[in-house]
Amino acid sequence: MILLNLVLWLPFAGFAALLLAPRAREEAIRRVALGVSLGVFILSLGLLAGFDRNTAAFQLATDLPWIASPAIRYHIGIDGVSLWLVLLTTLLTPLGVLVSWRHIDKRVKEFFAFFLLMEFGLIGVFVSLDLFVFYVFWEVSLVPMYFLIGVWGHERRIYAAVKFFLYTMTGSVLMLAGIIYLYNRAGTFDYCTLTEMMWNGRLSLDRIEQTALFLGFFAAFAIKVPIFPLHTWLPDAHVEAPTAGSIMLASVMLKMGCYGLLRFCLPMFPSAARSMAPWIVVLAIVGIIYGALVALVQPNMKKLVAYTSVSHLGFVVLGLFSFTQLGVNGAVYQMLNHGISTGALFALVGFLYERNHSLEIKDYGGVATPAPALATMFLITSLASMGLPLLNNFVGEYLVLQGAAQADFRWAVFAAIGVILSACYMLWLYQRVFYGETPETVRRHMTDATVREWAVMAPLLLMMVWMGTYTQTFMPPITQASASILEKARFNVDFRVERQTPRQEVADAR
Amino acid sequence: MLASFVPPAPAEYLRALPEIVLTGVATLVMVLEPLTPPGRKRALGYLGLLGLLGALAAAVAGYSNQGLAFSGMLRVDGFAVFFRVLVIVAGALAALISFQYLRREDAESGEFYALLLYSVAGQCLMAASNELIVLFIGLEISSIASYVLAGFLRRDKLANEAAAKYFLLGSFATAFLLYGVAMIYGATGATNLDAIRQALPAAKMGLLAAAAAALMFVGFALKVSAAPFQVWAPDVYQGAPAPVTAFLSAGPKAAAFAVFLRVYLTAFGSISARWENVMWSSALLTMVVGNFGALSQTNIKRLLAYSSIAHAGYVMVAVAAHTEAAVAAAMYYLAVYVLMTIGAFALVSYFARKGEQWVHVDDLAGLGQRQPVTAALFAILLLSLIGVPPTGGFFAKFYVFKASLDAGLSGLTILGLLNSAVAAYYYLRILVVMYMRDPGKSILDLPPMAAGTRTVLWTTSLASLALGLYPSIVLRFTGLAVTK
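Written out as structure tokens, the structure reads:
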């Protein structure tokens, strides 16, 4: 209970400390940022120890009044889904700090201060159980990202930053209207109370209300995910952001949207979600294929990776709106997988950029010769990203496809095209960058991975293998949480809830 | 009539104490003005500030001495106390900004502070008026003083234009208002708000009353710069000296909204069906005109003028909702708005330098690097103006839209919220320039910020933040004011 508060507020304390730090002592500022983010990560590992894996209830909760009228409470807590997303955030933040160690050389103090503020906002989004507090954190995470892109980004950074802010802001004000409407109807912002009231019928929303509210929330989340055709801010933001910004944006910030869909859209407005699911799934599948096709023809590495996100997150949305246990489990797993493998890809692209100062694929070639270790890391990450068995993405994609097939076989068929295409664009990228002739500039600048780069990549590579081979570490809490959400989403709809994944049944049989 | 004259009780004088203090000190400043040697005019400013503080104390004291005064012409209730405190604070902040500004422009004189105090006195009177004639007198005191303030730098061409425009349109506004007062007197035989409320449902001439409400709406809308009567605002705000613009965008607007709310919710409450739709359309139009007008502005004073129109639109949403919660929300909004806008203009008036030569958005380039603290404070104000949590600006919008949604105005709420996303664009542009562009020549000879301006910038931005974290500070008060 205290621990979760510490995990949430320590980054904020770090932010405040860095604001007061003397500007000239850049090395000390970097160390403080790294120390704080590592400390948060270690504390967050403590969450695992205090977490009961056999319940879907919110745990380690704190519930204090904040504002009397309207009744806004500081209510935080985690379940099996938010647990892993918090851990993903706390793992990637220190890695992001390490990635930026040399890469960021101007206004160092502000950069790391904003970075920690963003961690605070992101963790806040995943732990808040009061809709109002959720909205506050949702917006709080937006501001530092805006500055990270706008101040430390590449050439067209200002355009990208403003576009990112306006897209997100437009979506989130619609969600705010929804939140206010719910409060006026129910008299509470508390997520648990709201879902409880809907569950036992004390708060019933008619068809129009539910549809309108669903669309309001959906707008905010769909822009954030992003679901095709609302994705156009994403390539710009990714390409222009500094490496660490891209990592946090892809790995964690996009998950805010997926998380919102799962946490709010499905259980609170089940009928609307159910009736709109076919349309959303179509958009998701279009996103999967479109994202992959566009990635295929990108001449810019970062843009390529950005479009793979559109494709991969299509799987997440497909899984969520399949309304099957397997699909939702797979979607959550895929959220984590995408965080790990796309984060790693952006980090690697960043390493290449630091050496050769170019993101264009045509400026590279034969990198494997001067930098074999870097090439190996890139290969493993690429294989993970395209969904090779025994690596993490395979598990998620498989579960999503299985869940989608249970709902409608055609969905799985079309989505599977995306898996094939992902192999094409990743392998082709790998071939063009790491094999072939080595241009003179590459030969001159390309050194192999440094200790710092190993430190960034080693945990990510470890996680890829771990998540690909031993899902049992991660899956039970996810299953608990998603089963409980699906149970609420069953409301007025008939479909299967399988309380346990087949894998778990096998484990129980033993 | 005279035979039944009862002399006012001492408590009634106490209820008018803020106005008495302000008028007294302002007159004293005028008397001392010719006796003060040219280099010592600042002392008169301090005297004026002292007067404002005294009036503030008197206004706060009025909270424990509520009631009617002078045969029901003044009503000192929570609502009146709230707005009196607000306009006095606005006046004091504007005075603090003007110290540095007036010295820089070689325009330091006692008249400036005297006029400021008179204007605040008029606004206090408006806030407490319970009678249309008193309201009119308060409005005139406030307006005439501010016309002169707008043209205070009389050698400046733009300031002259601003003053003339402000005067002409302001006179139209009061004329419309007076016409409305006359008509409502014809319909109900009363100018007292309580009497009008009682007489109105029984009044036979419903059409006349509606016409009166319409005419008075024109008058008030001109004063609060609500569309379609907002056209004067950008020119006046751009032309007037920056500290005066700060004052105009805060005090007179808040006071005008106070009487707007009071008149429409008490006196015209029973015919709300006739004016709801007008308010609805005006609110939407004001937000749209303000936000879309601001998008293309390059002059920061003009940009903030459009932004102030847009903010008036959000308050109009609350007027359109006209429930108790909406009134409380409007009060909260105005409190936050006054702080934000004065803070923003404080920075503008500091940054503009002599002759207001640096008033373009682009001139702010690199402020984030050269003066990180100033830039950070301004950034907080801008984020609050956008309405990003956890700032006061966010809560203000939240309460307004919560009230309007509760009153069943879903369409207006969603359009308003989308408007606030549009607004993010032009405020972000300032942030972009400030933090993401390299410093240009506009930032080379930036003088140190005087203590007064610095106080204002710190107070307003920290208060915007504090109101976001603890909105109950003001909220408890607005709630009380409304239920009583």
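One line per chain: the protein sequences are A and B, in this order.
In short: position in the first sequence from 1, add 106, done, that's this note's numbering.
In short: position in the second sequence from 1, add 4, done, that's this note's numbering.
Glycine included, C-beta positions come from ideal geometry on N, C-alpha and C.
Might you give, ordered along the chain, the residues of its own chain that have their beta carbon closer than 7 Å to the beta carbon of residue i, omitting 5 neighbours on each side?
| i | result |
| --- | --- |
| Val-506/A | Phe-421, Leu-424, Gly-425, Gly-433, Gly-436, Ala-437 and Gln-440 |
| Val-478/B | Tyr-336, Ala-339 and Leu-471 |
| Leu-419/B | Leu-288 |
| Leu-360/A | Lys-330, Val-331, Ser-415 and Leu-419 |
| Lys-169/B | Trp-236, Asp-239 and Val-240 |
| Arg-605/A | With a pLDDT of 43 at Arg-605/A, under the threshold of 50, the predicted position of this residue should be treated as unreliable, though the coordinate-derived value follows. Closer than 7 Å at Cβ, skipping near neighbours: Ala-589. |
Would you verify that the beta carbon of residue i is, or is not, closer than 9 Å to some beta carbon of chain A?
| i | result |
| --- | --- |
| Phe-4/B | It is not possible to answer for residue 4/B, since the shown part of chain B is limited to 5 through 488. |
| Gln-70/B | no |
| Pro-245/B | no |
| Ile-148/B | no |
| Met-440/B | yes |
| Ile-434/B | no |
| Pro-394/B | yes |
| Thr-290/B | no |
| Phe-481/B | no |
| Lys-406/B | yes |
| Gln-373/B | yes |
| Ile-304/B | no |
| Phe-296/B | no |
Alpha carbons only, please: which of the options is nearest the one belonging to residue i?
| i | options | result |
| --- | --- | --- |
| Leu-109/A | Gln-165/A, Ser-381/A and Gly-256/A | Gln-165/A |
| Thr-111/A | Leu-125/A, Ala-130/A, Arg-596/A and Gly-152/A | Looking at the sequence shown, residue 111/A is not Thr but Asn. Checked all of Leu-125/A, Ala-130/A, Arg-596/A and Gly-152/A; the closest Cα to Asn-111/A is Gly-152/A. |
| Ser-300/B | Asp-366/B, Thr-463/B, Leu-351/B and Pro-394/B | Asp-366/B |
| Phe-327/A | Leu-282/A, Cys-298/A, Tyr-289/A and Ser-590/A | Leu-282/A |
| Leu-88/B | Phe-382/B, Arg-19/B and Ala-427/B | Leu is not the amino acid found at residue 88/B; the sequence shown has Arg there. If we check each option's Cα against that of Arg-88/B, Arg-19/B comes out closest. |
| Leu-422/B | Met-251/A, Gly-284/A, Ser-428/A and Phe-157/A | Gly-284/A |
| Ala-119/A | Ala-522/A, Leu-222/A, Leu-280/A and Pro-495/A | Leu-222/A |
| Val-218/B | Leu-204/B, Leu-181/B, Lys-227/B and Val-240/B | Just to set this straight, residue 218/B is Ala in the shown sequence, not Val. Nearest C-alpha to Ala-218/B: Leu-181/B. |
| Ala-65/B | Ser-75/B, Tyr-50/B, Gly-82/B and Leu-78/B | Gly-82/B |
| Leu-355/A | Met-251/A, Val-146/A, Glu-543/A and Leu-489/A | Met-251/A |
Using a Cβ-Cβ cutoff of less than 8 Å, which residues in the same chain neighbour residue i once the five nearest sequence positions on both sides are dropped?
| i | result |
| --- | --- |
| Val-539/A | Met-407, Leu-458, Ile-467, Tyr-470, Gly-471, Val-473 and Phe-484 |
| Lys-406/B | Ala-329 and Ala-333 |
| Tyr-241/A | Ser-278, Met-281, Leu-282 and Ile-285 |
| Leu-198/A | Ile-353, Met-354, Ser-357, Val-358, Gly-445 and Gly-449 |
How about residue i: is its C-beta nearer than 9 Å to some C-beta of chain B?
| i | result |
| --- | --- |
| Tyr-531/A | no |
| Ile-264/A | yes |
| Ser-352/A | no |
| Ile-329/A | no |
| Arg-213/A | yes |
| Tyr-252/A | yes |
| Pro-341/A | no |
| Tyr-74/A | Within the shown structure, residues of chain A are numbered from 107 to 616, placing residue 74/A beyond reach of any answer. |
| Tyr-287/A | yes |
| Ile-229/A | no |
| Asn-290/A | yes |
| Val-345/A | no |
| Leu-336/A | no |
What did DSSP end up calling residue i once you bin it into helix, strand or coil?
| i | result |
| --- | --- |
| Asp-554/A | coil |
| Glu-23/B | helix |
| Gly-412/B | coil |
| Pro-11/B | coil |
| Glu-109/B | coil |
| Arg-179/A | strand |
| Asp-159/B | For clarity, residue 159/B is Arg in the given sequence; the question names Asp instead. Here Arg-159/B sits in coil by DSSP. |
| Leu-234/A | It is worth fixing the name first, because residue 234/A is Ser in this sequence and not Leu. Strand. |
| Thr-137/B | Residue 137/B is actually Ile in this sequence, not Thr. If DSSP states are grouped into helix, strand and coil, Ile-137/B belongs with the helices. |
| Trp-172/A | strand |
| Ala-73/B | strand |
Can you check whether the C-beta of residue i is within less than 9 Å of a C-beta belonging to chain D?
| i | result |
| --- | --- |
| Asn-443/A | Absent here is chain D; the protein component of the structure consists of chains A and B. |
Closer than 8 Å, Cβ to Cβ, to anything on chain A: give me those residues from the stretch 411-427 of chain B, in chain order. Ser-414, Thr-417, Ile-418, Leu-421, Leu-422, Ser-424 and Ala-425
Identify each residue in the stretch 268-279 of chain A for which the Cβ-Cβ distance to at least one residue of chain B is less than 7 Å, and report them in chain order. Val-268, Phe-271, Leu-272, Met-275, Thr-276 and Val-279
Counting only Cβ-Cβ distances shorter than 7 Å, please list the residues of the stretch 148-182 of chain B near chain A, keeping chain order. none
Can you pull out the residues from the stretch 453-478 of chain B whose beta carbon lies closer than 7 Å to at least one beta carbon of chain A? Pro-475 and Ser-476
Residues of the stretch 153-179 of chain A whose Cβ lies closer than 8 Å to any Cβ of chain B, in chain order: Ile-173, Ala-174, Ser-175 and Pro-176
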